[in-house]
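What follows is a single structure, written as C-alpha cells, with notes after it.
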Amino acid sequence: MPSHIVVLGSLNMDFVVKVDHLPAPGETVLGAGFQMIPGGKGANQACAVGRLAGPGIVVRMVGRVGYDMFADHLKASLSAAGVDVAYVHATRAQPTGVALIWVDRNGQNSIVVASGANHVFPAADVEGLRGAFRGASYALFQLETPLPAVAAALKLAREEGVRTILDPAPALPLSRELLELVDVLTPNESEAALLLGRPGADGVSDPAETTRALRAMGVRSVILKLGARGCFYDDGEVQVHSPAFDVEAVDATAAGDTFNGALAVALAEGRSWDDSLRFANAAAGLSVTKLGAQASIPTREETECLLSK
Ligand code: RIB
C-alpha cells in the first residue's frame with residue numbers, strides 16, 4: 250500500500266532576475282537574465298517530494314490558482330514531478346500568485362510575493378479536503394496560505410492521524426493553540442526569533458536553548474534551520490546537530506522548501522532522524538547550486554549520489 254504525503258500551500262510563478270547586489274531602498278540596479286520559474290513555498294515542497302520520493306510514495310498538492318496561463322504552467326510543472334494536482338482548484342476572484350525575486354552574486358535573495366489566488370482559501374473550505382488527508386502519513390504546511398485555513402487543516406490532519414510539518418515562512422506570530430497541532434516545526438533563525446519575540450540574531454544564537462524555548466510553546470519537535478551550518482533537531486529526548494553539505498552557492502531560493510519535502514520523504518520511508526536530516530540537508534544543498542525554485546530541486550538519484558561521496 251503506497252504511503253501518501255499531502256502538501257497544503259501556495260503556488261506562485263517566480264519572476265527571477267540576477268543582480269550584482271540587492272537594491273537598497275530608493276536604489277535602481279541593473280539586472281541580468283530575467284526568467285519565469287515555477288515556485289511558491291507549497292508547490293516547491295510538493296515538487297521536492299515528487300522528485301525525491303521512491304515509487305512507494307504518492308504526493309498530493311492542495312492549493313489555489315487563478316484562471317490564467319501561469320496556473321496551467323504551475324500545474325504542469327508539478328505533474329511532471331509526479332504530483333497529483335486534482336486538489337489545486339481555480340478561482341475567478343484573483344489571478345495566480347506571483348513572486349518577484351532578486352538573486353545577488355552570493356546567492357542571497359530578496360522576495361516579494363503577490364499572493365493572489367493563494368489567499369482565496371477560506372477556513373470553511375478545509376472540511377471538504379478531508380478525503381485528501383485521509384490515510385496520509387505526513388502533511389506539509391507553510392504560511393503563504395491564510396492562517397485560519399492553515400489552522401483548520403492542521404486540526405483536520407491531527408484528527409485523521411496524519412503527522413504535521415509546519416514551515417513557519419513567511420514568519421508570523423503563532424498561537425499556542427496552533428503550535429500544539431504541529432509535530433515538526435522547521436523555522437530558520439529569523440523565523441525562530443520572530444516566533445519567540447526576540448528581535449535580532451543574538452536571541453537565537455544557542456540552537457539548543459532556541460529549540461527548547463520553541464518546544465515550550467507547544468510543538469512536539471523542532472528543526473532549527475541554520476543555513477550553511479546545517480540544522481539542529483530537538484524532540485525533548487534527542488538533540489542532534491546535522492551539518493550542511495559543502496556546495497557552491499548560486500541561489501538559496503527554495504532551499505528550505507527542498508529540505509522540508511526531502512524530510513517528509515525520508516520520514517515517510519521510515520528512516521531514522523539522523524538519516525532523514527542528512528537526506529534533507531543533501532537535497533537542500535544541491536538546490537542551492539542552481540538558479541530558481543522548482544528548477545533547482547534535485548532528483549532522488551542526484552541526492553543519493555551526493556550522500557554516497
Ligand atoms: O521559498 C521560495 C519561494 O518563496 C519562492 O518560490 C517564491 O514563490 C516564494 O513563495
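Start counting the sequence shown at 250; every next residue gets the next number (the numbering used here). From the three backbone atoms N, C-alpha and C, an ideal C-beta is built for every residue, glycine too.
Residue state for Phe-390 is assigned as strand, using DSSP reduced to three classes. If you keep only unbroken alpha helix (DSSP H) runs of at least 4 residues inside the segment 322-393, you get 379-382. Taken atom to atom, the span from the alpha-carbon of Asp-353 to that of Thr-548 is near 25 Å. Leu-415 is a Cβ neighbour of Phe-390, given a cutoff of 7 Å. For Thr-507, there is no enclosing beta strand (DSSP E); the enclosing alpha helix (DSSP H) covers residues 504-517. With fewer than 16 other Cβ atoms from the protein chains shown falling within 10 Å of its own Cβ, Cys-554 counts as exposed.
Taking a contact as a CB-CB distance under 8 Å, the pair Ala-366 and Thr-345 counts as one, their CB atoms being some 5 Å apart.
Ranked by how close their Cα comes to the Cα of Leu-526, the residues Ile-472, Ala-477, Val-265, Gly-541 have Ile-472 in first place. Relative to the ligand RIB, even the nearest heavy atom lies 6 Å or more away from the CB of Asp-500.
Taking the CA atoms as reference points, Leu-301 sits about 32 Å from Ser-424. For Leu-473, the enclosing beta strand (DSSP E) covers residues 470-474. With a 10 Å radius around the Cβ and a threshold of 16 neighbouring Cβ atoms, Leu-421 comes out exposed. Nearest C-alpha to Glu-440 among Asp-432, Glu-426, Leu-427, Leu-463: Leu-463.
DSSP places Pro-274 outside both helix and strand once states are collapsed to three, so it counts as coil.
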